[in-house]
Amino acid sequence: MPKYLLIRGARQLLTLRGPAPRRGRQLSELGLIQDGAVLVADDKIHSVGASRRMENLKEARLAEEIDATGKVVMPGFVDSHTHFVFPAPRLDDFERRIAGDSYLETGRKGGGIHATVQALRQTSPRGLESRGLRWLKMFAACGTTTVEGKSGYGLSPASERKTLRVMKRLNGRPLEVVRTFLGAHLPPPEYADLPEEYVTLVTDQMLPEIRRQRLAEFCDVFCDTGAFTLAQSRRILEVARALGLGLKVHADQLSRLGATRLAVELGAVSADHLEQAAEEDLDGLAASGTIATLLPGSVYHLGSGRFAPARQLIERGAAVALATDFNPGTSPTLNMQMILSLASTQMKMTPAEGITAATINGAAALRRANQTGSLEPGKFADLAIFDAGDYREIAYYFGMNLCRLTMRRGKVIWPEIGAKVEEET
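In this note's numbering, the protein residues as written are 539 to 963.
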């Protein structure tokens, strides 16, 4: 007999029911139910509706209850772009940028990605796992239930595999972790003058072995100034596609190389960043199946001020997702609520558009929209309860955590002990 759990009394229940990914006006359709309830059977959603109707279901009479009176219940966030396995923050980079150095200047002075690469190569798998587990628990505390994680701080066959194996061990502790191979983050120091040889190492050795060991579901490439050229990126992505990996692209973040167009041409699942994307590429992206994943946290932390053209993308009909880009150098935040706030204030996305982009569209960017990202019968019971009477508060209050409870596959993962949601007296 299934174990039933009834979450009832939500002032606003956001189901996000409907098609995925959402485009244009669909981004504002939250499937909102006033005084809503969710009935969970084991790890799946059994039914969703008004509390009065749900409480009369025979299964509900057998259920344990969580009282969400006065609160917002919605799908857990799906953070579709992170680099959460890293050994330490890059605090020296932070101070260099405060003093006026650019992102590229910081890298030339010994900081940047290469500093993290050097540290990660010297860190044991157990050390990386311990740090990664800490971050995953903090993701959960902020309402995230699924997270994508990229390699890319190893940049050698052994260190890239080490990172992906750590993420594999972290899956389900407590979040679902979707693994992406980013061996083409930068050419490593030992290949600084031999970038083509490094590309060959990625295509001929690293990718086939990672595919053979089933260590990654996606392959990503950082196509930008100081990283990989358009031609090099194409070589890597075409090999990855032939091996059966889904494609993602760090596209047009720092400069305009045409990476957005490349992502569309190759049928990438997502093109991420897009701060420098050309006007003519936006229409092509909107007409494609490639999801535009926007990462305002990195723009904020770098202080560049040039955010991705979210409104233009939405108005053209693109499928837009939001993610944290959590990493030690350019976006040290794992709170999707903060990302919603930045999306609203800096990219002029409405709170409803932001929530859709951070849930069902994020799930689509990971090929998980049939499993999570909305509260519909048959999907996993991945949800979060927020201490808010109106969903717009989640984006309105910035730098705060309004999450009171997070559930993944029917199990409360935040708070770690108990499922009671305390009421104010």
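Think of the CB as a built atom: it goes at the ideal place given N, C-alpha and C, for glycine as much as any other residue.
**Request:** For serine 566, collect the residues of the same chain with a Cβ closer than 8 Å to its Cβ; drop the 5 residues on either side in sequence, then sort them by chain order.
**Result:** Thr888, Ala890, Glu891, Thr894.
**Request:** May I have the straight-line CA-CA distance separating phenylalanine 756 from glutamate 735, to the nearest angstrom?
**Result:** When the Cα atoms are used, phenylalanine 756 and glutamate 735 turn out to be separated by approximately 22 Å.
**Asked** Nearest CA to the CA of aspartate 605: which residue from Ala575, Asp630, Asp617?
**Response** Ranking the options by Cα distance to aspartate 605, first place goes to Ala575.
**Request:** On a CA-only basis, which of Ile774, Phe766, Leu781 is nearest leucine 795? Give me that one, please.
**Result:** The shortest C-alpha separation from leucine 795 is found at Phe766.
**Request:** Would you mind stating whether alanine 830 and leucine 860 have Cβ atoms separated by less than 7 Å?
**Result:** In this structure, alanine 830 lies away from leucine 860, with their beta-carbon atoms at least 7 Å apart.
**Request:** Taking 7 Å as the cut-off, decide whether the C-beta atoms of isoleucine 898 and glycine 911 are in contact.
**Result:** Yes, Cβ-Cβ distance for isoleucine 898 and glycine 911 is below 7 Å.
**Request:** Please report the residue range of the alpha helix (DSSP H) in which histidine 839 lies.
**Result:** Counting along the chain, histidine 839 sits inside the alpha helix (DSSP H) bounded by residues 834 to 840.
**valine 715, DSSP secondary structure in three states** = In the three-state reduction of the DSSP assignment, valine 715 falls in the strand class.
**Prompt:** Between the segment 721 to 730 and the segment 687 to 701, do three or more beta carbon pairs fall short of 8 Å?
**Reply:** With the cut-off at 8 Å, the segment 721 to 730 and the segment 687 to 701 touch.
**Prompt:** Can you check whether the CB of glutamate 603 is closer than 7 Å to the CB of leucine 544?
**Reply:** Yes. Within cutoff.
**Prompt:** DSSP three-state call for tyrosine 929: helix, strand or coil?
**Reply:** Looking at tyrosine 929 - three-state DSSP - the assignment turns out to be coil, as it is neither helix nor strand.
**Request:** Verify the contact flag: lysine 949, CB atom, against every heavy atom of the ligand COA, threshold strictly below 6 Å.
**Result:** No copy of the ligand COA appears in this structure; indeed no ligand is present at all.
**Request:** Please state if the CB of glutamate 813 and the CB of glutamine 791 are separated by a distance shorter than 7 Å.
**Result:** Yes. Within cutoff.
**Asked** CB-CB under 7 Å to arginine 707, same chain, minus the five flanking residues each way: which ones, in chain order?
**Response** Answer for arginine 707: Glu667, listed in chain order.
**Request:** Just grab the DSSP bridge partners of glycine 784 for me.
**Result:** Bridge partners of glycine 784: Phe756.
**Item:** Contained alpha helix (DSSP H) runs [length at least 4] in the segment 656 to 694, N- to C-terminal order
**Value:** Look at the segment 656 to 694 and you find these whole runs of alpha helix (DSSP H), each 4 residues long or longer: 663 to 679.
**Prompt:** Counting only runs that start and end within the segment 552 to 612, where is the alpha helix (DSSP H) found for 4 or more residues in a row?
**Reply:** List check, alpha helix (DSSP H) in window: 589 to 593.
**Item:** Residues near isoleucine 748 by beta carbon distance below 6 Å, same chain, minus five either side
**Value:** If we look at isoleucine 748 and ignore the five residues flanking it on each side, its Cβ neighbours are Phe719, Ala754.
**Message:** Contact between the segment 799 to 808 and the segment 840 to 854 is defined here as three or more beta-carbon pairs at a separation below 8 Å; is this criterion met?
**Reply:** The segment 799 to 808 vs the segment 840 to 854: no contact.
**Asked** Residues in its own chain within less than 8 Å of valine 959 by CB, not counting five upstream and five downstream?
**Response** Note that valine 959 scores a pLDDT of 45, beneath 50, so its modelled location is shaky and nothing firm can be said.
**Asked** For alanine 548, which residues does DSSP report across the bridge?
**Response** Gly574, Thr607.
**Prompt:** So the beta strand (DSSP E) serine 912 belongs to, where does it begin and stop?
**Reply:** Counting along the chain, no beta strand (DSSP E) covers serine 912, and no H or E run does either.
**Opening and closing residue of the alpha helix (DSSP H) in which valine 802 lies** = Run containing valine 802: 797 to 803, per the alpha helix (DSSP H) assignment.
**Request:** Compute the Euclidean distance between the alpha carbons of glycine 948 and methionine 612, then round it to the nearest angstrom.
**Result:** The straight-line gap separating the alpha-carbon atoms of glycine 948 and methionine 612 is approximately 14 Å.
**Message:** Could you check whether the segment 644 to 664 touches the segment 930 to 940, counting it as contact only if at least three pairs of C-beta atoms, one from each stretch, sit closer than 8 Å?
**Reply:** Judged by Cβ distances under 8 Å, the segment 644 to 664 makes no contact with the segment 930 to 940, as fewer than three pairs qualify.
**Asked** Can you give the Cα-Cα distance for alanine 653 and glycine 562, rounded to whole angstroms?
**Response** Straight-line Cα distance between these residues: approximately 41 Å.
**Item:** Euclidean distance between Cα positions of lysine 541 and phenylalanine 615
**Value:** Per the coordinates, the alpha-carbon of lysine 541 lies some 24 Å from the alpha-carbon of phenylalanine 615.
**Message:** In the DSSP output, what is isoleucine 829 paired with across the bridge?
**Reply:** DSSP lists Ser808 as the bridge partner or partners of isoleucine 829.
**Request:** In angstroms with no decimal places, state the Cα-to-Cα distance between glutamine 550 and alanine 588.
**Result:** Cα to Cα, glutamine 550 sits roughly 10 Å from alanine 588.
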